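In this note's numbering, the protein residues as written are -2 to 307.
In this text, a Cβ means the ideal position worked out from N, Cα and C, and glycines have one as well.
Since the structure is predicted, the reported quantities are computational estimates derived from the model, not experimental observations.
The following block contains the structure:
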């Protein structure tokens, strides 16, 4: 397909063995619940964690989930909605599955992100342990946001991803934890969620935002991969894609003072730089916010086919 190569016959190719690994020099970690040559055809989940080192053509993405896959599907995305490359939502930490700190502080940086963005730094220590049952990694830094002691730890099993983020400082900060998925979302205790503009100064690009104040209790949201409301007739994703009923349930432990939010991810504009067609999927953004000196976001991400099991 590229550079004159013929299509690959899967019957004549032996898939390479692959494993979980920390690529410190390249600034990321790959966790794979299924390792070896079976990884390539297994429905087991895999996740990529960005570390903090700079890289060419970088976006502001230290300590984000740079990809989460299961059942041969993308579960989370880092959506690009802006035309062009280096400005506004798409370049910002808020368009990634990460944690934004003090994002409401306006900053006229070269990328025109409109918010205080995390820094790239070689100040990052990692710990890991890859066993048959669970793949574990933790990354810690005090320079992503200068002076704030942060750790993001992941534990990947065949059934779920456990995701623990902690941050501490002496001064209060605004912490915003985000994941971007797609389809349609139903929160648990849906009647307790209310239309809200509480994120308008933090993640202003989201629309149809609903907020819940769980008063320190845990909360959860189930996202299913469903066709977009205005599905194009020539969509490359047909009935066989949607009929598998794949999705993810996100559970967050309670934290005093933290709020939960659910909104529609911004869509790419239709202009001369993009094909004039409707988006293939509807985006869903799940957010937790807190204003305090320290924060603990403890989440369980359970991808599923048919329905959650945990």
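Option nearest residue i by Cα separation, candidates the options
i           : options               : result
residue 22  : 76, 119 and 7         : 119
residue 12  : 93, 154 and 33        : 33
residue 194 : 183, 186 and 207      : 207
residue 277 : 225, 86 and 116       : 225
residue 282 : 198, 142 and 175      : 175
residue 98  : 65, 58 and 280        : 58
residue 252 : 192, 190, 228 and 163 : 163
residue 55  : 72, 93 and 177        : 93
residue 258 : 218, 8 and 50         : 218
residue 319 : 42, 188 and 171       : This structure does not reach residue 319, given that the chain is present from -2 up to 307, and the question cannot be answered.
residue 247 : 160, 189 and 165      : 160
residue 142 : 221, 60 and 78        : 60
residue 245 : 62, 96, 190 and 71    : 71
residue 134 : 232, 300, 30 and 255  : 30
residue 243 : 189, 96 and 221       : 221
residue 185 : 192, 205, 177 and 215 : 215
residue 38  : 15, 304 and 256       : 15
residue 127 : 239, 17, 145 and 10   : 17
residue 304 : 156, 189 and 169      : 156
residue 117 : 196, 254, 91 and 52   : 52
residue 74  : 229, 177, 151 and 255 : 177
residue 63  : 85, 151, 40 and 294   : 151
residue 213 : 144, 169, 230 and 254 : 254
residue 196 : 91, 50 and 85         : 91
Buried versus exposed, by CB contacts within 10 Å (16 or more), residue i
i           : result
residue 2   : exposed
residue 124 : exposed
residue 306 : exposed
residue 269 : Unreliable placement is indicated for residue 269, whose pLDDT of 48 sits below 50; the coordinate value is still reported in the next sentence. Answer is exposed; the Cβ neighbour count stays below 16.
residue 202 : buried
residue 114 : buried
residue 5   : exposed
residue 136 : buried
residue 0   : exposed
residue 8   : exposed
residue 296 : buried
residue 235 : exposed
residue 89  : buried
residue 69  : exposed
residue 191 : exposed
residue 280 : buried
residue 95  : buried
residue 300 : buried
residue 20  : exposed
residue 10  : exposed
Test item: CB-CB of residue i and residue j under 8 angstroms
i           : j           : result
residue 121 : residue 138 : yes
residue 241 : residue 302 : yes
residue 158 : residue 36  : no
residue 140 : residue 290 : no
residue 249 : residue 285 : yes
residue 260 : residue 173 : no
residue 76  : residue 223 : no
residue 237 : residue 199 : no
residue 264 : residue 78  : yes
residue 154 : residue 129 : no
residue 165 : residue 146 : yes
In chain order, each beta strand (DSSP E) run of at least 3 residues that lies wholly inside the segment 186 to 236: 204 to 209 and 216 to 221
query: Does the segment 42 to 57 come close enough to the segment 25 to 34 to have 3 or more Cβ pairs within less than 8 angstroms?
result: yes
- prompt: Do three or more CB pairs link the segment 208 to 216 to the segment 168 to 183 at distances below 8 angstroms?
  reply: Counting Cβ pairs under 8 angstroms, fewer than three are found: no touch.
- request: Could I get the ranges of all uninterrupted alpha helix (DSSP H) runs contained in the segment 55 to 82, with 4 residues as the minimum, in chain order?
  value: none
- prompt: Which ranges does the alpha helix (DSSP H) cover as unbroken runs of at least 4 residues, wholly within the segment 12 to 40, from first to last along the chain?
  reply: none
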